[in-house]
Amino acid sequence: MTTSSPPTPSLLDGFNRRLNYLRISITDRCNFNCLYCMPGERIPKLRHGDVLRYEEILRLVRITAGLGISKVRVTGGEPLVRKGVYHFLRQLSAIPGIRDLSLTTNGHLLHDNLDKLKSAGIKRLNISLDSLEADTYHRITGHNVFQRVWSGILAAHEAGFSPIKLNAVALRGVNEDELTDLAALSFDYPFHVRFIEHMPFGGSSISTGPPLLTEEIKERISTLGALEPIERAGYDGPARRYRLKGAKGEIGFISPISNHFCAACNRLRLTAGGALRVCLLSEEKVDLKGPLRSGQSDQQLTELILLAASRKPRSHNLTSENPPTVPGQMSSIGG
Ligand code: SAM
Ligand code: SF4
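Positions in the sequence shown are counted from 1; adding 984 to them yields our numbering.
Given below as structure tokens:
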């Protein structure tokens, strides 16, 4: 008798997209106040008891891993401000089926915690870096800590984290004069510098006029040389990848406004408050915290996760002509 390995489970949505990527916001709190992410006036944070506990998140990840989720990104708010995060990451990386675990951080707490991140099983880091100028960095994040973040990025590079992706939200009138300097980092370091179109989230304290879209960003950085496309790989997210001739690193463009990546979307998002959100740019979500806390079985939770997947919309309706303000806060959804 021949034995064959069990079929790989698949979490399919209503449009036959295989969902294998879960982004988890472990806190809605942050030590920064980025212009594009946080509203001008303070919004109330979740009460401690309303944030999913680590053991609740781990249970949900075990269930989703059984359904085919194999890639997990931990985000926030700022994930490194949550107490116990390193132990949690270690437990997360030990879950069978999770083959790719990464973290998105603003980098403020990176420098002194690289060893802990490494021993927790994190190999890949996404770090927000919207400017290389201390004043502009201060203006964007609300904190005068550019040097500290930059030294954390260099230390992460020296410690062998790879790839290190640097995310810059392109903001007209704020960091637009630095796009080439940011892109030029890829000559000197193997970093993946990614330009993100600014998404108009509810209440963020910036309105910069017409959005700075990918085509314009590309045109500006083309002064550095030709952008050679890189073939897409299995776990690639929405970024279109390029390399400047002779560069060690890459350039990526994340273009939610000018180029919907919805057809290839493979993501679900677990919010800090315990909802499974099926699209970053829609309010559609299924609450999992209530069922978790009222003693629902793994089977019942599985059914709710499948229900959420079935509600994933074909695409969002954000366009450059008429970008609506998207409800919700990036800091609680996790980006
Ligand atoms: N605090 C961490 C950080 O800043 O990297 C993780 C959470 S943050 C919400 C995740 C990502 O969302 C960051 O790369 C940030 O630049 C991006 N982001 C936040 N608000 C955005 C917006 N309005 N448009 C585009 N990207 C945004
Ligand atoms: Fe905090 Fe990240 Fe939002 Fe900036 S982008 S306010 S660092 S959660």
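Ideal placement from N, C-alpha and C gives every residue a C-beta, glycine not left out. Computed from a prediction, not measured in an experiment: that's the story for all the values here.
| query | result |
| --- | --- |
| How big is the Cα-Cα spacing for V1035 and A1256? | 5 Å |
| Please identify the residue among G1091, R1108, A1259 and L1064 whose C-alpha is closest to the C-alpha of P1085. | In the sequence as displayed, the identity of residue 1085 is Leu instead of Pro. Ranking the options by Cα distance to L1085, first place goes to R1108. |
| I need the DSSP call for S1103, collapsed to helix, strand or coil. | helix |
| What did DSSP end up calling Y1173 once you bin it into helix, strand or coil? | coil |
| Closer than 7 Å by C-beta to I1106: which residues in its own chain qualify, once you throw out the five before and the five after it? Chain order, please. | L1073, L1085, S1086 and L1087 |
| Suppose only complete runs of 3+ residues qualify. What are the beta strand (DSSP E) ranges in the region 1025-1111, listed by chain order? | 1055-1059 and 1084-1089 |
| Excluding sequence positions up to five away, which residues of its chain have a Cβ less than 7 Å from the Cβ of L1064? | T1089, L1093 and N1097 |
| Cβ of R1007 within 7 Å of Cβ of K1029? | no |
| For the alpha helix (DSSP H) that R1277 lies in, which residues bound it at each end? | K1273 to R1277 |
| Let's see if you can read the secondary structure: which residues bound the beta strand (DSSP E) around E1267? | Run containing E1267: none; DSSP gives neither H nor E here. |
| Please list, in chain order, all residues of the same chain as K1269 whose beta carbon is under 8 Å from its beta carbon, the five residues on each side excluded. | T1255, A1259, L1260, R1261, V1262 and A1292 |
| Which residue wins for smallest C-alpha separation from L1272, given the options L1264, E1287, S1266 and L1265? | E1287 |
| Taking the C-alpha atoms as reference points, what is the distance between R1225 and F1237? | 7 Å |
| At which residues does the beta strand (DSSP E) containing G1136 begin and terminate? | It is not in any beta strand (DSSP E) - G1136 instead sits in the alpha helix (DSSP H) that spans F1130 to E1142. |
| How about A1152 and I1201: do their beta carbons lie closer than 7 Å? | no |
| What separation, rounded to the nearest whole angstrom, lies between the Cα atoms of L947 and F1130? | Because residue 947 is not part of the residues shown, which for the chain are 985 to 1319, the question remains open. |
| Using a 10 Å radius around the Cβ and a threshold of 16 neighbouring Cβ atoms, would you call F999 buried or exposed? | exposed |
| What first and last residue would you give for the beta strand (DSSP E) that runs through L1228? | R1224 to L1228 |
| How would you label D1119, buried or exposed, when you count the other beta carbons within 10 angstroms and need 16 or more for buried? | exposed |
| Apart from the five residues just before and just after S1170, which ones in its own chain have a Cβ nearer than 8 Å to its Cβ? | H1176, V1177, R1227, L1228, A1231, K1232, G1233, E1234 and I1235 |
| Please identify the residue among E1212, Y1121 and R1251 whose C-alpha is closest to the C-alpha of W1134. | Y1121 |
| Determine the DSSP secondary structure at A1231, reduced to helix, strand or coil. | coil |
| Please look up how many angstroms separate the CB atoms of G1052 and N1004, rounded, as I've assumed it's under 8 Å. | 5 Å |
| Comparing C-alpha positions only, which one of Q1075, V1045, C1021 and K1100 sits nearest to G1061? | C1021 |
| Could you check how far apart the C-beta atoms of E1181 and P1222 are, in whole angstroms? I think they sit under 8 Å. | So it is not a contact: roughly 11 Å between Cβ atoms. |
| Taking only the alpha-carbon atoms, compute the straight-line gap between G1144 and K1055 and give it to the nearest angstrom. | 20 Å |
| State the Cα-Cα distance for the pair E1039 and Q1284, rounded to the nearest angstrom. | 18 Å |
| Quick check on this structure: which residue in D1099, A1248, P1194 and G1050 has the alpha carbon closest to the alpha carbon of S994? | G1050 |
| Could you tell me the alpha carbon to alpha carbon distance between P1213 and L1150, rounded to whole angstroms? | 18 Å |
| Along the chain, where does the alpha helix (DSSP H) that runs through L1254 open and close? | Run containing L1254: none in the alpha helix (DSSP H); it sits in the beta strand (DSSP E), R1251 to L1254. |
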